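Residues in the sequence shown are numbered consecutively from 1483, following our numbering.
Here the structure is laid out as structure tokens; the discussion comes afterwards.
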Amino acid sequence: VASNNIGPALKCLGYSSKNVVTDANKPIKYPDDPFDHYQAIHKRLEAWDLHHIPFHTNADYSGPWVENVWAMHFQPSADSLNNTSFYNMFGPYIPLFIPWTDIWVQKPFGKYPK
């Protein structure tokens, strides 16, 4: 799996930082075990209790929003993959199923920016 092209992912990361490196100060590479890496990340996220965050409301609509639907659709599939099929589904990315907007709107900021 490690030989797969991560160029698109590195290009994406480059939009936010030109010097993305790992903790060991080595360039980022796609993990040899992407599914295991995904599981380890989401194990750490369990403490955030992300599955109990309600959808936020805006313009008289209370969700689910696009990011919620995406997570509800893909997370069950992702949880049952192996390393090879994980790459086939997500390419060079490790998905984070986090309801970012719901968290941002409801805690601590409470409203959209103007």
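Note that CB positions come from ideal geometry on N, CA and C, so glycine has one too.
Here the structure is a predicted model, which is why all the values come from computation and not from measurement.
Between the CA atoms of I1523 and F1556 - distance to the nearest angstrom = 16 Å
inquiry  = Using C-beta distances below 7 Å, list every residue in its chain close to P1516, excluding the 5 sequence neighbours before and after it, in chain order.
reply    = V1483, N1565, F1568, Y1569, I1576
As assigned by DSSP and simplified to three states, the class of Y1520 = helix
request  = Look up N1540 in the DSSP assignment and say whether it is helix, strand or coil.
outcome  = strand
inquiry  = Let me check understanding here. Comparing Cα to Cα, which of C1494, N1540, F1572 lies closest to Q1588?
reply    = N1540
request  = Out of G1489, D1514, D1518, state which residue places its alpha-carbon closest to the alpha-carbon of D1561.
outcome  = Nearest option by C-alpha distance: D1518.
inquiry  = When you compare the CB of H1534 with every CB in chain B, is at least one pair closer than 8 Å?
reply    = Structure shown: chain B not included; a single protein chain is present.
query = Cα-Cα, which of M1571, K1525, Q1521, P1546 is closest to K1583?
reply = Going by the sequence as given, residue 1583 is Thr instead of Lys. When each option's Cα is compared against that of T1583, the closest is P1546.
ask   = Mapping DSSP to helix, strand and coil, what is D1514?
value = coil
ask   = Out of curiosity, what's the CA-to-CA distance linking G1489 and Y1543?
value = The alpha-carbon atoms of G1489 and Y1543 are separated by roughly 38 Å.
query = What's the call for A1553, buried or exposed, on a 16-neighbour Cβ count within 10 Å?
reply = Note on A1553: 16 or more other CB atoms within 10 angstroms of its CB, so buried under the neighbour-count rule.
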